[in-house]
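See below for the structure under consideration.
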Amino acid sequence: DVPCSGDGTLRKNPQIWSEWRPEFAMGLHALQLRIAQRGVALLKVGGYMVYSTCSFNPVENEAVVAELLRRCGDAIELVDASDRVKGLRRREGMTTWKVITTVDDEILEHASYEDCQRDASLGVGLRRAFRPSMWPPVASGVTRLGVRVRGPPLRRCVRLVPQDGDMGGFFAALIRKVKPLRGPSPTSEGVSTAMKAPGASAIVPRAMAIGGLVGGVPRPPLEHRYVPAPEEVLDALTREWGGGGGGDAMREMCACLFTRSTSCRRVTYLSPGIKKMCVDAIGAERLKCVWSGVRVWEKRDDVRGGGGGG
55 DVPCSGDGTL RKNPQIWSEW RPEFAMGLHA LQLRIAQRGV ALLKVGGYMV
105 YSTCSFNPVE NEAVVAELLR RCGDAIELVD ASDRVKGLRR REGMTTWKVI
155 TTVDDEILEH ASYEDCQRDA SLGVGLRRAF RPSMWPPVAS GVTRLGVRVR
205 GPPLRRCVRL VPQDGDMGGF FAALIRKVKP LRGPSPTSEG VSTAMKAPGA
255 SAIVPRAMAI GGLVGGVPRP PLEHRYVPAP EEVLDALTRE WGGGGGGDAM
305 REMCACLFTR STSCRRVTYL SPGIKKMCVD AIGAERLKCV WSGVRVWEKR
355 DDVRGGGGGG
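Take the sequence shown: its letters are residues 55 to 364, numbered as in my numbering.
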């Protein structure tokens, strides 16, 4: 269930009626696709993945599924789930749709990616948000250069409409992995594709981070352990901040000062209770913590003179 515009929740969230705009989907499409690709990469052969949103917008739904099928090739298939939900009132997935935006409350339809890139009425930020994969894929049976093209079977997707079952609006697609992915991982392929789009360079590092890749190579796991601040750092802090009768309090505080790197650029204060769970506990009892505590000192490279800044 990926992040989405949520316009399918229009019954329980009436605020959407006055605030909804079609552009909401533009900033989500690329993120949704990356999440789906990562899910496929983690899926074992023979496993199933359900891609779902609570949105009606095909840019967030069928467009993502179609591009996922294109990038992963014959390694995955879109499964017909009609026999699994026989009692559920549902509608087929869409095979054609329009990509629209609004400018000054006027609805604009964009025939193609190239068309919207030439449209001067759109802001630069909005033009950069468009992706070629937002438009419908070539339908089955269409002839190109004398060859009949077979489009993705998007009708196998499931659309749930509120008035059909007194519920919210949903979209779901059942995907099965039938063989290992070939060649570059889908995440890295998505990065190279995104790089071709104007203004998409800023997305590349984020896509690599989501895929766990740095230049196509798995990155090392992040170190999530706190270690006591070095003695020389504590001594310097005590000399600088422990005078005026506050020496005892400073020494007491030093027992709860920690850092997360050998460079010791930041010194963090952990309360005794958090220290017990994150540092003192052994084995499975230790809490795996991404971030905790209060940052109390930090090295400054832009401060001259004095004690180096803090």
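By construction, the Cβ of each residue, glycine as well, lies at the ideal position given by its N, Cα and C atoms.
If you're wondering where the values come from, they're calculated on a predicted model, not measured in any experiment.
Q) So, helix, strand or coil for residue 73, using DSSP? A) Shown here, residue 73 sits in a helix according to DSSP, grouped into three states.
Q: Quick one: give me the first and last residue of the alpha helix (DSSP H) that residue 85 is part of.
A: Segment 80-96, the alpha helix (DSSP H) holding residue 85.
**Q.** Nearest residue (CA-CA) to residue 167, options 159, 153 and 179
**A.** Ranking 159, 153 and 179 by Cα distance to residue 167 puts 153 first.
Q | Closest Cα partner of residue 145 within the set 318, 65, 215 and 352 | A | That would be 215, whose Cα lies nearest to the Cα of residue 145.
Q: Measure the beta-carbon distance from residue 68 to residue 85 and round it to whole angstroms, keeping in mind my assumption that it falls under 8 Å.
A: Here residue 68 is actually not in contact with residue 85; their C-beta atoms are around 26 Å apart, not less than 8 Å.
Q) Hey, out of 132, 323 and 173, whose CA is closest to residue 209's CA? A) Of the listed residues, the one whose Cα sits closest to residue 209 is 132.
Q. According to DSSP, is residue 99 helix, strand or coil?
A. Reduced to three states, the DSSP call for residue 99 is coil.
Q) With residue 312 and residue 287 assumed to form a contact (beta carbons below 8 Å), what rounded beta-carbon distance in angstroms separates them? A) Residue 312 to residue 287, Cβ: 11 Å. No contact.
Q: Let me know if residue 105 comes out buried or exposed under the rule of 16 or more other beta-carbons within 10 Å of its beta-carbon.
A: Buried, since its Cβ has 16 or more Cβ neighbours within 10 Å.
Q) What's the C-alpha gap between residue 349 and residue 307? A) Spanning the two alpha carbons is a distance of roughly 13 Å.
Q.
Just to confirm my understanding: we take residue 157, look at its own chain, exclude 5 residues before and 5 after, and list those with CB closer than 6 Å. What are they?
A. The residues are 175.
Q) Looking only at C-alpha atoms, which of 180, 325 and 130 sits nearest to residue 101? A) Selection 180, 325 and 130 evaluated against residue 101 yields 130 as nearest (Cα-Cα).
Q) Pick from 149, 150, 291 and 74: whose alpha carbon is nearest that of residue 161? A) Minimum Cα distance to residue 161 is reached at 74.
Q | Where residue 262 sits in the DSSP three-state scheme | A | Residue placement at residue 262 is poorly supported in this model, since its pLDDT is 36, which falls under 50; the coordinates still yield a value, given next. Reduced to three states, the DSSP call for residue 262 is helix.
Q | Spatial neighbours of residue 173 in its chain, beta-carbon cut-off 8 Å, leaving aside the 5 residues before and after | A | Result list for residue 173: 162, 164 and 181, in chain order.
**Q.** Inter-residue Cα distance where the pair is residue 111 and residue 343
**A.** Their Cα atoms are separated by approximately 37 Å.
Q. Is the Cβ-Cβ distance between residue 94 and residue 233 less than 8 Å?
A. No, the pair does not count as a contact, with Cβ atoms beyond the cut-off.
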